[in-house]
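**Student:**
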Amino acid sequence: MKRAIIHLLATLLMIPAWPVHAEDGYDLWLRYAPVTDQTRREAVGRILREVVVAGGGPTMEAIREELQRAGQGMLGAGLVHIVQGEIEDVSPGKPGLVIGTPGQCELVNGKAIREALEGLGKEGYYMGREGNGRHGPLVIAANEPVGLLYGTFHLLRELQAHGEPRELPLRASPDFKYRLLNHWDNLDRTVERGYAGFSIWDWHRLPGYIHPRYRDYARANASVGINGSVVTNVNANALVLTPAYIEKVAALAGVFRPYGIRIYLTARFSAPMELDGLDTADPLDPGVRSWWKEKADEIYAAIPDFGGFLVKANSEGQPGPQQYGRSHADGANMLAGAVASHGGIVMWRAFVYSADIQVDRAKQAYDEFVPLDGQFRENVVIQVKNGAIDFQPREPFHPLFGSMPGTALALELQITQEYLGQGTSLAYLAPLFKECLDSDTYKPVPGSTVARVVDGSSGGHDLSLLAGVSNIGNDRNWTGHPFGQANWYAFGRLGWDHGLAPEEIADEWIRLTFGHDPGVTGTVKEIMLASREAVVEYMTPLGLHHIMGWNHHYGPAPWIDQGRPDWTSVYYHRADTAGIGFDRTVSGSNALEQYAPEINRMWSDPETIPEKCLLWFHHLSWDHRMKSGNTLWDELCARYDRGVKKARWMRDRWKGLEGAVDHERYTGVLSLLEIQAEEAAWWRNACLRYFQQYSRRPFPASIEPPGGDLEEYRNLRFPYAPGIRPEW
Ligand code: BDP
C-alpha cells in the first residue's frame, strides 16, 4: 500500500519512485537522484527548469547534455528545457541559468563579469547572479568552454549535495595546471596493481568500437577537474607507438576532447630499437633523436592535442639513458624536444633505485636527481612519488620536494590501493594525500609545503602537475570496492583545490553517493575518516614500512629475507634482539641529511620526531620509552591491536546502516568490511608473532592475544592475486 502511494505521488511529480536500475555504482557521484524534499526541489527547479547554454561546439554540447541528464534525474523527465542561444530564445519567462563565454553570450559580456574572469585562465569560471542581485538568473561564465564545463559540474555538485550553490559569487580556477590519472593498464587488458577487473580500454575493438564507458569516464573525470589521462602502464609496451595503436589512441582522444581531457602515453625508452631495429636508443644519437621527433609528429598528426609522454626509465628493469652513459636529463630533454613544438610535455619519473647501489633505497632518487637540477627543458616535469620508498600506508614526504628549485616537480599519488588493502579494504585516502601536500619542506623557507612546491607558488615555474595512479577497471562500479570511488573523487578535488579538507571532500562524496539522510552521512563519514589510520595501525604502525607479501603485495610478510635485498622486508624493519627500525640518522644511512636542517634536527631525535614516523628513521630498543609511557614493544602491540579493533568498529558501525542504505550496496560493503576485519587480524597476528621472536617479550595483557600460526601464515600463497607482476 505504502509503495503504491509513493508510486502514485512519484507519477504525479514525474519522478521515478525508485531508481530504474539498481544502485550498482556505475553512476558514481553523478547519480542525479530524484530530489524529493519539496524545498530543495523548488530550489533546484528554479535553476534547472529553463536554461540557456550559449554557443555551439562539442564542449557546449556536452554541457547541455549533462544538464539535461541532471535535470531529468533530479526533477523528472520533461521538466527541463535547455536551449542553445541567447536569452530571448527562452520562453516563457526568464531562464534560471545562463551559461556562456563573453564571446558567445551578451549577458556575460558586461564589464563586471569580464573583470571577474581576468586571471582565471582557460579552465577557471565565475558563477554568480546576474548583476549580483538575488533574483536574477544564475550565470556561469568562463573564458573558454571548458571553464563552463567545470562551472556546470560545480553547480550540479552543489545542487545534488546541498540543493543550491552555497557560495555566490564565486571565482574558481585550478591549483595545478595538469591533473592526470596514470593508468597502469597493459595492452592485453591486465592492469598492474589493478583491483577492479581488467582495463577499461578495449584495445582490440578500438578504434571501430567506442565503448559507452569511455564517455562516462570522461564525464566523471571532468566533473572533478581531472584534465588528462595517461592510458598505458609505466612499465611500457612500445607497441602503443605503432600506427595501429595510434589510431586507437586517437579514437579515445576524440571521446575525451569535449570534456577537456588530453591523452598521454608512456614511452618505452628502447622503442626505436624494438619497433624499427635501430641499434641504439642513446638519447644523444642523431638517428634516435630524429626517430622520436618523427614519432611525435606522427602522433600529433593523429591527435593534435596529444599531451605528451610519461617515462619510467632505468628503474626496475626498464630501459633508459643510463645504459648509454647518459643522464636522466639527456633522456628527458631528448623526448621533450620531440614534443615541444606541439605543446607537449614530458613527465620523467623519479622512482629510481637499484639493488647494485649500496645506498639506502630511500636516498637514491635524491642522489640521482638533485645534481641535475636546472638541466631539464621547460616542458619537462620530474614526477616524484609522495614518499621516498613506495606508496606505503604512511611515508614521510619525499626529500626531493623543495630540493630542486630549478626544476618543475610533480607529485605522484597512488589511488589504487596496492599497499592499503587492495580490493578488499575501505581506506579513504584523502587524509594520506593531504598529509603529503601539507608537509612543510622548509625549503627554501618555512611554509614551503609540498603543495606549494608542486603548484609552483614557492618555486615560480608554471608547469604544475598532480598525478594519481588510477584505481579504475572494468568492474561495473569502476573501482571494485565501492569506497574506492571516493579516492578517485578526492584525488580530482584536491587537484583542483589542494586546500580542501578531507572531511569536506568526504561529506560531498557521501551526499552525492548515498544521499542526505543525516544518520547515513554522519556514520559513513566517521568510518571513512577513521579508515586510513586504521590501516596504518594494523599494517605498519610507528613508521614501519614495506613488510607486505612478495610481488603481489597482498597481506603481511615481515619474514621475507630472500631475493633482491631492497625488495625484502628485513631490509626495512631491521628487527633483531636489540630492537627494531631503520636507522636513517647520521649513525645510520643518514637519509635525514636530504631534508632541510630544521627537519633533520627534529626527526634525528627520537624524542622530537612525530611517533608516527619513528621507526622509519630510528632503530630503537624494544624497551625504548614512548610518549604513552609504554615500552616500544608494548606500544607496537597496542597499535596493531587498536588497528584491528578499529577495523571491527568500522564493520559494526556499517551494520547500523541496515535499511538506511539500499540493500545492494549495504550487503556488498558489509561483506568487504568483514573481510577487512579478518585481514586486519591476520596482519596483527602475523606481524606481532613474527616480531616477538626478536623482542622476546610477552604480549601485553591489554591486547587481544594474537592468534594464528606463524608457520601457516608464512606458507600462504596467492599465485593469482590481482594486479600481480607475473615476470617478477
Ligand atoms: C611499485 C609497483 C610496481 C610499479 C612501480 C612503479 O609495485 O608494480 O611498477 O611501483 O611505480 O609500487 O613504477
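One point on numbering: in this note's numbering, the residue at position 685 of the sequence shown is 699, and numbering is uninterrupted.
Yeah, the Cβ is synthetic: ideal placement off N, Cα and C, and Gly gets one too.
Taking the beta strand (DSSP E) that MET143 belongs to, which residues open and close that run?
**Tutor:** The identity of residue 143 in the sequence shown is Arg, whereas the question assumes Met. That run of the beta strand (DSSP E) goes 139 to 143.
**Student:** Hey, is GLU540's beta-carbon within less than 8 Å of any beta-carbon in chain D?
**Tutor:** The chain labelled as chain D is not found in the depicted structure, where only one protein chain is given.
**Student:** Taking the beta carbon of LEU425 as the centre, do at least 16 other beta carbons fall within 10 Å, making it buried, or is it exposed?
**Tutor:** Label assigned to LEU425: buried.
**Student:** Whose C-alpha, out of LEU289, GLY242, TYR231, is nearest the C-alpha of VAL252?
**Tutor:** As written in the sequence, residue 252 is Ala, which differs from the Val given in the question. The shortest C-alpha separation from ALA252 is found at LEU289.
**Student:** Going by beta-carbon coordinates alone, are SER284 and TYR442 separated by less than 8 Å?
**Tutor:** Not a contact, by the Cβ cut-off of 8 Å.
**Student:** Does the contact criterion of 3 or more C-beta pairs under 8 Å hold for the region 585 to 600 versus the region 631 to 641?
**Tutor:** Result yes; three or more Cβ-Cβ pairs closer than 8 Å.
**Student:** For ASP404, is the beta carbon positioned less than 7 Å from some heavy atom of the ligand BDP?
**Tutor:** Yes, since a heavy atom of the ligand BDP falls inside the 7 Å radius drawn around the Cβ of ASP404.
**Student:** I'd like the span of the beta strand (DSSP E) that includes PHE323, first residue to last.
**Tutor:** 322 to 325 is the extent of the beta strand (DSSP E) around PHE323.
**Student:** Rounded to a whole number of angstroms, what is the C-alpha to C-alpha distance between TRP742 and ASN249?
**Tutor:** Cα-Cα distance, rounded: 13 Å.
**Student:** Jot down the residue ranges of each uninterrupted alpha helix (DSSP H) in the region 426 to 512, minimum 4 residues, whole runs only, in chain order.
**Tutor:** Qualifying alpha helix (DSSP H) stretches, in chain order: 444 to 451, 464 to 469, 498 to 510.
**Student:** Check GLN707 in the structure and name its three-state DSSP category.
**Tutor:** Reduced to three states, the DSSP call for GLN707 is helix.
**Student:** Whole angstroms is fine: what's the gap from SER187's alpha carbon to PRO579's?
**Tutor:** Roughly 46 Å between the two C-alpha positions.
**Student:** Using the DSSP secondary-structure output, state which residues sit across from MET562 in a beta bridge.
**Tutor:** Answer by DSSP bridge pairing, in chain order: PRO570.
**Student:** State the DSSP-derived secondary structure class of PRO106, mapped to helix, strand or coil.
**Tutor:** Note on PRO106: pLDDT 47, under 50, position unreliable in the model; the coordinate value appears next. Here PRO106 sits in coil by DSSP.
**Student:** Considering only heavy atoms of the ligand BDP, does any lie closer than 7 Å to the CB of PHE365?
**Tutor:** For the ligand BDP, at least one heavy atom lies less than 7 Å from the Cβ of PHE365.
**Student:** For GLY117, which of TYR568, ASP511, LEU650, ALA68 has the nearest alpha-carbon?
**Tutor:** It is ALA68 whose Cα lies nearest to the Cα of GLY117.
**Student:** By a C-beta neighbour count over all protein chains shown, 10 Å radius and 16 as the cutoff for buried, is ARG233 buried or exposed?
**Tutor:** That one is buried.
**Student:** If you measure from the CB of VAL398, is any heavy atom of the ligand BDP nearer than 7 Å?
**Tutor:** Incorrect: VAL398 has no Cβ contact closer than 7 Å to the ligand BDP.
**Student:** Decide if HIS677 is buried, meaning its Cβ has at least 16 other Cβ atoms within 10 Å, or exposed.
**Tutor:** With fewer than 16 Cβ atoms within 10 Å of its Cβ, HIS677 is classed as exposed.
**Student:** Could you tell me if the beta carbon of LYS326 falls within a distance shorter than 7 Å of some heavy atom in the ligand BDP?
**Tutor:** Yes, the beta carbon of LYS326 sits closer than 7 Å to at least one heavy atom of the ligand BDP.
**Student:** Please list, in chain order, all residues of the same chain as ALA500 whose beta carbon is under 6 Å from its beta carbon, the five residues on each side excluded.
**Tutor:** So the qualifying residues of the chain are TYR442, TRP523.
**Student:** Starting from the C-beta of ALA57, find all residues in its chain whose C-beta is less than 7 Å away, skip the five residues before and the five after it, and write them out in chain order.
**Tutor:** Only GLY177, GLU178 meet the Cβ criterion.
**Student:** With a threshold of 7 Å, establish whether the CB of ASN249 neighbours any heavy atom of the ligand BDP.
**Tutor:** Yes - the ligand BDP has a heavy atom lying nearer than 7 Å to the Cβ of ASN249.
**Student:** Take the Cβ of PRO106 as the centre, count every other Cβ of all protein chains shown within 10 Å, and call the residue buried at 16 or more, exposed below.
**Tutor:** Because PRO106 carries a pLDDT of 47, less than 50, the predicted location of this residue cannot be relied on, and no value is offered for it.
**Student:** Indicate whether the contact test is met: 3 or more Cβ pairs, each with one atom in the region 515 to 530 and one in the region 420 to 440, closer than 8 Å.
**Tutor:** Verdict: no, contact absent.
**Student:** When DSSP labels each residue in this structure, what does LYS641 get in the three-state scheme?
**Tutor:** DSSP places LYS641 in coil when its eight states are reduced to three.
**Student:** Would you kindly work out how many angstroms separate the C-alpha atoms of ARG639 and PRO445, rounded to a whole number?
**Tutor:** Rounded to whole angstroms, ARG639 to PRO445 spans 28 Å at the Cα level.
**Student:** To which residues of the same chain is ILE214 closer than 7 Å at the C-beta, ignoring the five residues directly before and after it?
**Tutor:** Contacts found: ARG227, TYR231, ILE486, GLY487, ASN488.
**Student:** The ligand BDP heavy atoms versus the CB of HIS567: any closer than 7 Å?
**Tutor:** Yes - the ligand BDP has a heavy atom lying nearer than 7 Å to the Cβ of HIS567.
**Student:** Tell me, please, which residues DSSP counts as bridged to ILE396.
**Tutor:** Beta-bridge pairing links ILE396 to TRP362, LEU423.
**Student:** When you compare only the Cα positions, how much space is there between ARG615 and PRO624?
**Tutor:** Straight-line Cα distance between these residues: approximately 12 Å.
**Student:** What does the Cβ neighbour count give for HIS197, buried or exposed, with the cut at 16 atoms within 10 Å?
**Tutor:** Classification of HIS197: buried, given that the 10 Å Cβ count is 16 or more.
**Student:** For the beta strand (DSSP E) that contains GLN98, what are its first and last residues?
**Tutor:** 95 to 98 is the extent of the beta strand (DSSP E) around GLN98.
**Student:** Give every residue of the same chain whose Cβ lies closer than 8 Å to the Cβ of ARG588, excluding the five residues on either side of it in the sequence, and list them in chain order.
**Tutor:** Cβ within range, chain order: ILE594, GLY595, PHE596, ASP597, HIS633.
**Student:** Looking only at its own chain, which residues have a Cβ that is under 7 Å from the Cβ of PRO740, when we skip the five neighbours before and after it?
**Tutor:** Excluding sequence neighbours, PRO740 sits near nothing in its chain.
**Student:** According to DSSP, is ILE717 helix, strand or coil?
**Tutor:** Note: ILE717 maps to coil in three-state DSSP.
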